[in-house]
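Report on the structure given below.
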Amino acid sequence: MLSQLAAVVLGLAAVVAAAPAQEVTSSLSPRAFNCNNPVTGLNKGDCEYLSRIGFAGMGSNPTNSDSRIWIGNNGPNIFTFTNRASVDIVLVLWDSSNGYASSFVTAHAPKLTYSIPRGSSINVSLANGVTGAYSAIYDRTTVISPNGQVFNTWGEFTTGNHATIDISRLINMGGNSFSARVSTGCVADNSRCAYICKWGKNTCWESGTYDLIGCIDQKNNNAWYGANPEGGCAGWDSGSGRISAEFY
């Protein structure tokens, strides 16, 4: 798929997309929220860190399938998120509830904020037809970008018909290493089915400033939207939506 980080600049109705700082920062004002009773799955220390760096709120971490994204392994698409890093992390996942602005976590609370200790995993179920992305807060040190987005690597996905997943490094080329293996065997990671910035930039989103690497050899979606590549690991629709997503 077209990298969702750049989609708004290209005029697409994507769920997660960066925009020039001057277009968004004026409406964002970090505000603390109460962590006396964190949602299930988010520990108090992680909640306080998210509040301190400017998140609009905790995720709801639902367990009911009516939510279309929920904690559990009883959905048509199951993401198993595993923390293989040497530190604890917080999974941050958002969907299209607020359109392209959903990725701006200082303006909109994400769908999930879930503490994953090192060596641990959680299962997340998604209905078909969900578009969204995820990232992670490492050891309470990952920060928010000036635009109000998680300043780390992202995984971007669409479920159901034409299901696709990719890894995007466009917001921070120096972010942590992620991988996502789909049920067809295709792997997206920081060097395969990954969006990267050209010309040594650390952050990019403008048309023509990024590339998609390591996807052609895996025989997955590869196309062009104007001057920009689109693609990712595909073929895991029709009830075969099983994703092994790992953080390093």
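The sequence shown lines up with residues -18 to -1, 1 to 230 when you count with mature numbering (1 follows the signal peptide of the UniProt record, and there is no 0).
Even glycine gets a Cβ: it sits at the ideal position worked out from N, Cα and C.
By Cβ distance, which residues of its chain are closer than 6 Å to residue i, with the 5 residues on each side in sequence left out?
{"i": "R224", "result": "I60, S165"}
{"i": "Y31", "result": "R122"}
{"i": "E228", "result": "T64, R66, S161"}
{"i": "E138", "result": "Q(-15), A115, D148, S150"}
{"i": "F15", "result": "S33, G39"}
{"i": "S226", "result": "T62, R163"}
{"i": "S222", "result": "S165"}
{"i": "S117", "result": "V74, V132, N134, W136"}
{"i": "C186", "result": "L152, C179, Y192"}
{"i": "T124", "result": "N134"}
{"i": "residue 243", "result": "Residue 243 is absent from the structure shown; the chain starts at -18 and stops at 230."}
Look at residue i and residue j and say whether their C-beta atoms are less than 8 Å apart.
{"i": "D171", "j": "S161", "result": "yes"}
{"i": "N158", "j": "T135", "result": "yes"}
{"i": "S68", "j": "N56", "result": "no"}
{"i": "G130", "j": "T88", "result": "yes"}
{"i": "S42", "j": "V21", "result": "yes"}
{"i": "I51", "j": "V112", "result": "yes"}
{"i": "I104", "j": "V72", "result": "no"}
{"i": "T45", "j": "G54", "result": "yes"}
{"i": "N143", "j": "D219", "result": "yes"}
{"i": "P58", "j": "N19", "result": "no"}
Given residue i, which residues of its chain have a CB within under 8 Å of its CB, disregarding the five upstream and five downstream residues?
{"i": "S84", "result": "V(-4), V(-3), W76, D77, S78, H90, P92, G114"}
{"i": "residue 231", "result": "Absent from the model: residue 231. The displayed extent of the chain is -18 to 230, so no value can be given."}
Leaving out the 5 sequence neighbours to the left and right, which residues in its chain are closer than 7 Å to residue i when beta-carbon positions are compared?
{"i": "G156", "result": "N184"}
{"i": "residue 231", "result": "Because the chain in this structure spans residues -18 to 230, residue 231 falls outside the shown range and cannot be described."}
{"i": "S102", "result": "N65"}
{"i": "S49", "result": "none"}
{"i": "residue 231", "result": "Only positions -18 to 230 of the chain appear in this structure, which leaves residue 231 out of reach."}
{"i": "G23", "result": "N43, I53, Y96, S97"}
{"i": "Q4", "result": "For Q4, the pLDDT reaches just 29, beneath the cut-off of 50, and the residue's location in the model is therefore unreliable, although a value from the coordinates is still provided. Nothing listed; no residue qualifies."}
Could you please give me the residues that DSSP links to residue i through a beta bridge?
{"i": "L73", "result": "Y96, A118"}
{"i": "I149", "result": "G137, A176"}
{"i": "P58", "result": "According to DSSP, P58 bridges with nothing at all."}
{"i": "W52", "result": "S107"}
{"i": "L194", "result": "Y177"}
{"i": "G223", "result": "N59"}
{"i": "F229", "result": "N65, F160"}
{"i": "T113", "result": "T140"}
{"i": "V132", "result": "I126"}
Touching or not, the stretch 177 to 187 and the stretch 94 to 103, by the rule of three or more beta carbon pairs under 8 Å? no
Whole beta strand (DSSP E) runs in the stretch 153 to 181 with 3 or more residues, listed along the chain? 160 to 164, 169 to 171, 176 to 179
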